[in-house]
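Encoded as structure tokens, the structure appears first; notes follow it.
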Amino acid sequence: MIRLRQLEAFRAVMHAASVTQAAEMLRISQPAVSRLIAGLEQDLGFPLFSRQRGRLQPTPEATFLLGEVERAISNLDHIGQIAEDIRNRRTGHLRIACLPGFATSFLPRIVAKFLLQRPDVTISLQPRHNQRVQEWIMAQQYDVGFSEIPIDHPAIEFESLHVRCVCILPKGHPLATRKVLTPNDLDGTPIISMNRDHPHFHAVRQTFDQAGARFDVRVETRQFATACIMVSEGAGVSIVSPIDADEYLGLGLEIRRFEPTLTFGLGILYPAHRPRSLILSEFVGMFRESMKPYLMSPATVVRRAS
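So for the sequence shown, the working numbering puts the first residue at -12; every next one is plus one.
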């Protein structure tokens, strides 16, 4: 079987026209170079060099073979470089599916930061609604997904993240003088809420009901981002994820702590039956780190049976 070291010795002798110089190039002894050449000739079944007046002369077969050897070694060098880039997380491709709100605010910053130090990494970022993100992960069409929880499917592994929701108000709102707001403070105040078919709607309403406060829904929407914009325009107040609240703070929002605690659950989704790449693990690590200021507690990992 032809070995890479034999090919390297052959190339060195062809370029140096001398076993002595070839040995210096390869940093091995002259006898070692001679043995490599002899072994290669035996494996090939024909001579590569002849001695004329004490000098090595390549045979026509050797001259013809050199181009192929150069290409083979170059390809191996290229593979080695790619392997090093993969090992050091400098190259690869990630397919990310996420909720629409994440694709227009928080996630693009993380993606951009991730790519700054990895110019050979490429990313596909596709926003869709919750159910479609989960379907894509189940079908293994994407490497990672970010969707709401709960999630219950054997084809999905996920980490659950829980963020503490905040109350947002228009700039200069009378309630902005308070550091903490409760349902009684918001009694009868126009609310911008998630749609009534969303779990967050029912969680907020239940909190108001338990406090005996009126839950006066003025607008229903599917995204926290929409609620943030409408609140900034004075249409009401809202209880949203702090991630979205921070993203739209520049529009003129007031952000206040809300009591009792309400959380919003986010899942990091993976196809259950596929190994995760090194580059994916590093990206998710950066995402988790960026989420730390918003989390109630460390992520909970849920693994599905194969």
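Ideal placement from N, C-alpha and C gives every residue a C-beta, glycine not left out.
Coarse secondary structure for residue i, derived from DSSP in three states
i	result
residue 283	coil
residue 265	helix
residue 246	coil
residue 107	strand
residue 201	coil
residue 147	strand
residue 293	The pLDDT assigned to residue 293 is 39, lower than 50, so where the model puts this residue is not dependable; a value taken from the coordinates is nonetheless given after this. It is coil, neither helix nor strand.
residue 114	strand
residue -8	helix
residue 185	coil
residue 35	coil
residue 80	strand
residue 42	strand
residue 86	coil
residue 152	coil
residue 169	coil
residue 208	strand
residue 254	strand
Rounded separation between residue i and residue j - CA only
i	j	result
residue 139	residue -9	51 Å
residue 91	residue 3	59 Å
residue 252	residue 150	7 Å
residue 173	residue 210	21 Å
residue 263	residue 144	11 Å
residue 164	residue 85	36 Å
residue 227	residue 101	27 Å
residue 97	residue 278	10 Å
residue -11	residue 37	21 Å
residue 166	residue 225	15 Å
residue 7	residue 107	41 Å
residue 282	residue 276	10 Å
residue 57	residue 99	39 Å
residue 212	residue 161	23 Å
residue 115	residue 55	49 Å
residue 243	residue 105	38 Å
residue 216	residue 61	56 Å
residue 50	residue 44	10 Å
residue 198	residue 185	21 Å
residue 280	residue 176	29 Å
residue 46	residue 21	16 Å
residue 269	residue 48	49 Å
residue 168	residue 261	45 Å
residue 117	residue 272	22 Å
Whether residue i touches residue j by CB criterion (8 Å)
i	j	result
residue 239	residue 178	no
residue 267	residue 130	yes
residue 191	residue 148	no
residue 13	residue 25	no
residue 218	residue 155	yes
residue 321	residue -4	Residue numbering for the chain in the displayed model covers -12 to 293; residue 321 lies beyond these limits and cannot be assessed.
residue 208	residue 200	no
residue 146	residue 254	yes
Assumed close pair residue i, residue j - CB separation to whole angstroms, cut-off 8 Å
i	j	result
residue 53	residue 1	5 Å
residue 295	residue 152	An answer regarding residue 295 cannot be provided, because it is not within the stretch -12 to 293 covered by the chain.
residue -6	residue 59	7 Å
residue 195	residue 157	The pair is not a contact, with the Cβ atoms about 20 Å apart (cut-off 8 Å).
residue 16	residue 9	That belief does not hold up - the Cβ atoms of residue 16 and residue 9 are roughly 11 Å apart, past 8 Å.
residue 256	residue 132	4 Å
residue 111	residue 120	Incorrect: roughly 13 Å between the Cβ atoms, too far for contact.
Is it true that the region 117 to 130 meets the region 187 to 206, where meeting means three or more beta-carbon pairs spaced less than 8 Å apart? Three or more beta-carbon pairs separated by less than 8 Å are not found between the region 117 to 130 and the region 187 to 206, which leaves the two stretches without contact.
Flag this pair as touching only if the region 90 to 104 and the region 219 to 236 have three or more C-beta atom pairs under 8 Å; answer yes or no. Segments in contact, yes.
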